[in-house]
Each structure stands twice: as structure tokens, then as C-alpha cells.
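Respectively, the protein sequence lines represent chains A, B and C.
Heads up: the first sequence begins at 70 in our numbering, then just goes up one per residue.
Heads up: the second sequence begins at 358 in our numbering, then just goes up one per residue.
Heads up: the third sequence begins at 54 in our numbering, then just goes up one per residue.
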Amino acid sequence: MDSPILQVKNLTKIYGQNVIFENISLDVNRGETIVIIGPSGTGKSTLLRCINLLTPANSGQIFLNGQEITAPESNEDKVRQQVGMVFQNFLLFNHLTALDNVMVGLSKVKKMPKARAREKALYELNRVGLSDRADHYPGQLSGGQQQRVGIARALAMDPSVMLFDEPTSALDPELIGEVLGVMETLAREHMTMLVVTHEMGFAREVANRIVFMEKGSIVEQGKPDDLFYRPQHERTREFLWKISELYGKKEEKA
Amino acid sequence: MSDVPEFFIRFWPQLLQGAGITLLLTVQGLAAGLVLGLLSALARVYGNKFWRGLAVGYVELFRGTPLLVQLFLIYYGLPGIGITLSREWSAFLALGLNSGAYQAEYLRGSILAIGEGQMMAGRAIGMSKWRAIWEIILPQALRLAIPAWANEPVSLLKSTAIVFLIAVPELMAVGKTIAARTYNPIGAYMTVALVYLAIVYLLDAFLKWAEVRVKIPGFEAEGRKA
Amino acid sequence: MFGNFFSYILQGVSITIAVTLVALPAGLVLGLGLALLNTYGGPWLKRLSAGYSLLMRGVPPVVLLFILYFILSGNVVNLTPFWAGSISLGIISSAYQMEILRGALLSISGGQMTAARAIGMSRIQAIRYIILPQALRIAIPPWSNEASIVLKDSSLVYALGVPEILRRAQQLSATNQQPLLAFGAAALIYFVLVFLVNRGLDALAEKTKLPTQAA
């Protein structure tokens, strides 16, 4: 196995007086699906935004494909072509159709010729099951459909890593499944994924590794079964018990 | 341009007087506009077809044509059918009618925003339509309109500059006089511009202060629909 | 006789429209540039553009018109009254357009910029392909209000001697002693022009609206 595709080393983020997270180190291997769980406000989303350089970290380093992307001479825009992000609020471009949303990165950023860009965009839309909605505008799509377009938009750039920032938190319950389904398919196709979510069922079934973050640091990480059945730390146990109460009941009903 | 400070020193009495006339025109126009605007808004919301039509016609006419044209129509045009008004009255009328048309829209919007429920509640305790308008609708509508309406005084103040074209001796006319006397139009009008800026700034500050004093606690600019 | 009369004033229409067609786009280009500087520029650019806006909107247009006219038709640059007047109106309008466009830019959520950058767009690409197309759509209603204001303010160049509608009406009333008719005709013509502009821009707003119902 070669070196990890993504390496976070001693990353710290401070905002004003608050330490959002401190000395976070994380390795992500090619093809792995890592799910980050933890109480709200522990810096999980901020961590993702530091990884694709949307937010600058205060100290530490990030390596993508062996290159240090936090180096001063690194080109942020180019880095973001290699890291895909899916947002809690979808953030689709409202003035573009679904197809154009997926295509715009290809034609304007990667400068692909229009025909090729269109072909690739249609391929990705098909991958998320929305090729029949290609000419719909975001205003005409349901939340679940919008999020799937968001996923297609990120996938179209052929990123090395996909970051998911609470992708289903803004969705009505009955729409969550279609998005998680797409994510599960991606995981099985060995896409490298870093997912922040509260969906414990997904975490248990799909993650290769679960990372539990609290109060700005990683408390524990390990394989899903290890974490859920043999947690090492008290806090991990407490958190998972609380969550599983909620989600356990949900699973029994399913 | 460098003559501006000198102009201030030399002509401050005239500038002050001109500014005074400008403010007078503004206040007069605002008051007249408020009355006209209110009547027009009420006519459109509560009036019958005739009054509604009249109000719409008034608003469309005075918002759809330039103020300068309205001014000339009154000052130069009316004498053609025997109505000759002094320049002061012509300016007052033009500014008042013009402002009234714009105020009508603000007020109409806020009356509508108060909602039918309030009127219903008033009638339910036996008030007549006009009593309800006076006691219930207007007090709320006028306060609701304040943020949007607060643009009108400054807008009107700036509009008064036009009346120098019929030789009303307000601030811009003073500028013209200074320009003629000093052969320096740019300096003259810049001096006048600075005075306008000062007045606008003061007016704005005054309005902000007034807005705070009139606020009803809990009554947001969004208003409520009963 | 009435026909001649009306047609004389109508000739002013083309001048009025020409003035508007110079001033409005000039104001748009300048106003858009300033709005972008104010929204995306550094602290100094923000302050300068904000100061420009406050200055230009705190002085009556006719005063600014005279100042700019004398500057533009003076010694350094020597433009005809038509050009000096029209460009001056454009400069005046740019401050108001800047505020409109600034409001539109700010109302496009920061999320759109974030999403654009997340797929590797530079700030400029994001502004060009994602922010502006949405902002300009939102800006159409308040902008059409400004457009009809510029059309009406074009009457101010009367004071510069430009032979637009109002000046012709005045000349006419001086020669044939029918002032009410002359100025009434001018008012009517302006009314029609403003009406057409508003209708046209309403139609534009309707046409560029983004669909929200599922097809």
C-alpha cells in the first residue's frame, strides 16, 4: 500500500478567542471511506473547509497526493480542482440547469471543449440517477435531487478526495435515502471519501473507519465495529450510546 | 476649484439665505405632499371607483413625467388658460404635487401591509370605516411607512434645486449669481454643492434621530398581518 | 397646423432618447465597476467607492450636471452640450446604479461564492460566471426604476440648451402663444416614453426569471 492520499498533520484552527480544533492529525488512504462523527460545533465542518483550503488553518500541514497544499506557493484554485466538496445546503448555482451546474467547472475551470464537457457532465448526472432532470433548474428540483446534482458537480472534476459536509442534514427525512444511496455506491466504487454526518446507519454500514471528534480533537478512531462495540474511551461510549438510542430505534423500525 | 473657500467667505449671507429658501421649499413641499399622498392612498385603498381612478391618474401622471415639465406646465402653461401663479406658488405646487405622488405609493404600501384584520377588528367593536381608518389603520400605517418614507425628505430637498430655472431665489439660484459675478461657474457650483451636502447630512441625521424616537417596541418594519 | 406643432416637439424625442441611451449605459458600466470594487475590493477601494456614492447622491443632480458640464465643455475637454450633458447624467446615475448593483451583489449569498471556489474557480471566474448572472437578474426591478429616472432627468439638459423635448416645447410656446398645449404635449410624450420603458423592462424581468415550478 503506498502512502496515504491525504495527510493532515497537526492542524490547528483558531477563530478569534476560540480554538476550533487543535493539533489534528489524520491519514486517509486511497479508496477509504472515513466518517467523522461527534457533537455539533466541534469543528468537523471547519476541518473539511481547511482541507480544501476554503478556510486557512492557523498552523499545521496538509498533503494531497504527496504535495503540501498548505505551502505558501501552492495554487489554491488548482488544489480545489482535486478535492471535491458537497455542502449541507447544496449551494447549486441557481441560474444554471442541472447539466450546466455539473458542466460549468469542466468548461470554465478545466477549459474542456464543450462537447466533451457535456458528455462527461451527462455521465456524472446519470451516475447519480438524474439524467432525466438535466435541463431542470435548482428551483424545480427537490432537496434530495439538488444534493445529488451537487454530488455530480463535485464528481465531474475527477477529484482525488470527496469531502461531504453533513450532506443530508438539510433534507426532509424521506429524501435522505436517495442521497445516502448515491454515497454508498461511490464508496463501493472505492472513491476516497471523508464524510461528516450524523447518519449512524450509514457510518456503521459504509465507513472503513470512523473518527470521533469532540471539543476540537480526535478522541478515538477505528473500524465501525470496534468503535460501536468496543469503544476505548468513556466519551466515545457516552456519545454513541446517546446517538444509538435515537438511531437504534430508527433501525429497529426499518 | 481652489476659489471655493474664498466664495464661502465672500458669499455666506447669500448662501445662507438661499439654503433657507431651499429648506422652506422642502418643508412646504413635504407637508403638501403628505396630505396629497395620504388622501390619494386612502382613495385607492378604501375609495369607490371614481376616487380610485382619480388617485391612480394623479399618481401615474406625476410619477410618469419629469418634475421640470410639471413645473413649466404650471408656471408657463396655466397662464394660457388664465391661471397665472407667482413663481413661489408655482414651485410650491409643482413640488407638492410631485412629492405627493411618490408618497402616495409608500403610504399605500404600508396601509395595505396593515392588513384587513385590523379593519375587521375595528368594525367589530362598532367603529365606522373612517373612524377605524383614523384610530386603527393610520397610526400603524404611518409608523410602518417611516423607513421607506425617510428617503422622501432628502429626495425632495434635492429636487428643489430645479426651481432656480423659474428664478426662485433658492440655493442653486445663488450659485448662478455667484457664477455670474465671479466668472467661475465650476467654483460657484461646487460651493453650492458643498452646502447641499451639509444640509443633506444634517437632514439625514435628524431623520435617523426622529425615527428612533417614534418607534413602537416590538413593531418591526415588516409589520404584522392580523 | 396641429400636426406641424406636434411633429416639431416629436423631433425632440430622438434627442431625449439619445441622451438617455448615452447616460444609462455609461452609468451602468461605471456603477457596476464601482459596485464590484465596493463588494470585492480592499478597504481603501471600499472607502473610496462608498465616498463617491455618498458625494454624488447627496447633491442635487442639476447642480452636479452644471459642474460636470462646465468641466467637460471647458478647456481640458471640449464636448458639445449634448455629449457633455449626456455623459454628466451618466456619471450622476452611476452612483445610484452602484447602490442598486451593490445591493444585488450582496444579496447573492456567500454560499454561491463558496460553492464556486470549491470547484476550483478563481474569485474572478466566480464573479463572472456565478455571481453576476444572478445579481444582474435580481437588479432588474430596481434598475428599471433608475432607467425611468434617467429618462426623466434627461429633461435637465434643457438648461444646457440641448434641443430635446422640453426645450422644443418651450420654443413652441414662445412662438405660437399656446403654452398649455406645448407643455401639455411635452408631458404627454414623456409619459408615453416612461410607460414604454417600464413595460419593456417588466417584460425583460419576466423573460429572465428563473423557473421554479417543475416542468
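For each residue, glycine too, the CB sits at the ideal point set by N, CA and C.
Secondary structure of residue i, DSSP reduced to three states
i, result
"E303/A", "helix"
"E101/A", "coil"
"L81/A", "First, the amino acid is wrong: residue 81/A is Thr here, not Leu. Here T81/A sits in strand by DSSP."
"L442/B", "coil"
"Q290/A", "strand"
"V155/A", "strand"
"V384/B", "helix"
"L373/B", "helix"
"A200/C", "helix"
"V299/C", "With chain C running from 54 to 268 in the structure shown, residue 299/C is simply not present."
"P141/A", "coil"
"P78/C", "helix"
"F608/B", "No information on residue 608/B is available, as it lies outside the stretch 358 to 583 that chain B covers here."
"P186/C", "helix"
"A148/C", "helix"
"A507/B", "coil"
"K147/A", "helix"
"A461/B", "helix"
"Q277/C", "Only positions 54 to 268 of chain C appear in this structure, which leaves residue 277/C out of reach."
"F162/A", "coil"
"L240/A", "coil"
"L116/A", "helix"
"G94/C", "coil"
"N251/C", "helix"
"A126/A", "coil"
"K572/B", "coil"
"I519/B", "helix"
"T254/A", "helix"
"Y432/B", "helix"
"M181/A", "coil"
"P194/C", "helix"
Which listed residue (the options) has its alpha carbon closest to that of residue i
i, options, result
"L191/A", "G208/A, V173/A, K180/A, V178/A", "V173/A"
"F308/A", "L240/A, H267/A, T124/A", "H267/A"
"T102/A", "M231/A, L296/A, L244/A", "M231/A"
"P195/C", "L101/C, R100/C, Q64/C, L257/C", "L257/C"
"F281/A", "P73/A, S109/A, E193/A", "S109/A"
"Q86/A", "N127/A, L75/A, L116/A", "N127/A"
"D360/B", "L554/B, V569/B, K533/B, N541/B", "N541/B"
"L87/C", "L204/C, L74/C, P78/C, S106/C", "S106/C"
"A221/A", "T237/A, M252/A, P300/A", "M252/A"
"K515/B", "L108/C, T261/C, Q224/C", "L108/C"
"T81/A", "L75/A, E91/A, P73/A", "E91/A"
"V402/B", "I494/B, I440/B, E445/B", "I494/B"
CB-CB length for residue i against residue j, believed under 8 Å
i, j, result
"P293/A", "R273/A", "5 Å"
"A451/B", "I431/B", "5 Å"
"A76/C", "S197/C", "In fact, because the Cβ distance is near 15 Å, the residues do not count as touching under 8 Å."
"A398/B", "I468/B", "6 Å"
"A400/B", "Y463/B", "Rounded, the Cβ-Cβ distance is 15 Å, inconsistent with contact."
"E417/B", "S456/B", "Contact flag wrong, Cβ pair sits at about 15 Å."
"S286/A", "I93/A", "7 Å"
"I523/B", "A448/B", "7 Å"
"V520/B", "L382/B", "7 Å"
"E235/A", "S143/A", "With a Cβ gap of about 27 Å, E235/A and S143/A do not count as contacting."
"L117/A", "L263/A", "7 Å"
"H259/A", "G100/A", "4 Å"
"V77/A", "I138/A", "Their Cβ separation, rounded to whole angstroms, is 10 Å, which puts V77/A and I138/A out of contact at 8 Å."
"Q301/A", "E283/A", "Actually they are not in contact, since the Cβ atoms of Q301/A and E283/A sit about 14 Å apart, beyond 8 Å."
Beta-ladder partner(s) of residue i, from DSSP
i, result
"N87/A", "Y84/A"
"M262/A", "T102/A, M231/A"
"F281/A", "I106/A, E289/A"
"L136/A", "For the sequence presented, residue 136/A should be read as Gln rather than Leu. For Q136/A, which the question treats as bridged, DSSP gives the partners L133/A."
"E76/A", "In the sequence on display, residue 76/A carries Gln and not Glu. Bridge partners of Q76/A: D96/A, F132/A."
Count the CB pairs spanning the stretch 408-426 of chain B and the stretch 238-253 of chain C that are closer than 8 Å, and state whether there are at least three.
-> yes
Would you check if the stretch 147-158 of chain A and the stretch 159-171 of chain C touch, i.e. whether three or more CB-CB distances between them fall below 8 Å?
-> yes
Can at least three beta-carbon pairs, one atom from the stretch 107-121 of chain C and one from the stretch 550-568 of chain B, be found at a separation below 8 Å?
-> yes
For the stretch 518-533 of chain B against the stretch 365-382 of chain B, are there 3 or more C-beta pairs whose distance is under 8 Å?
-> Contact holds: three or more Cβ-Cβ distances are below 8 Å.
Would you call the stretch 239-259 of chain A and the stretch 212-229 of chain A in contact, with 3 or more CB pairs under 8 Å?
-> yes
Touching by the beta-carbon criterion (3+ pairs, under 8 Å), the stretch 122-138 of chain C and the stretch 149-158 of chain C | In this structure the stretch 122-138 of chain C does not lie against the stretch 149-158 of chain C, because fewer than three pairs of beta carbons, one per stretch, are closer than 8 Å.
Within the chosen definition, does the stretch 157-166 of chain C reach the stretch 178-195 of chain C through at least 3 CB pairs nearer than 8 Å?
-> Yes, they touch.
Say whether the stretch 424-444 of chain B touches the stretch 230-239 of chain C, bearing in mind that this needs 3 or more beta-carbon pairs closer than 8 Å, one atom from each stretch.
-> yes
Name the residues in the stretch 533-553 of chain B whose C-beta lies less than 8 Å from a C-beta of chain E; which are they?
-> Chain labels in this structure do not include chain E; the protein chains are A, B and C.
The stretch 210-218 of chain C contacting the stretch 67-76 of chain C, beta-carbon criterion three pairs below 8 Å | The stretch 210-218 of chain C is in contact with the stretch 67-76 of chain C.
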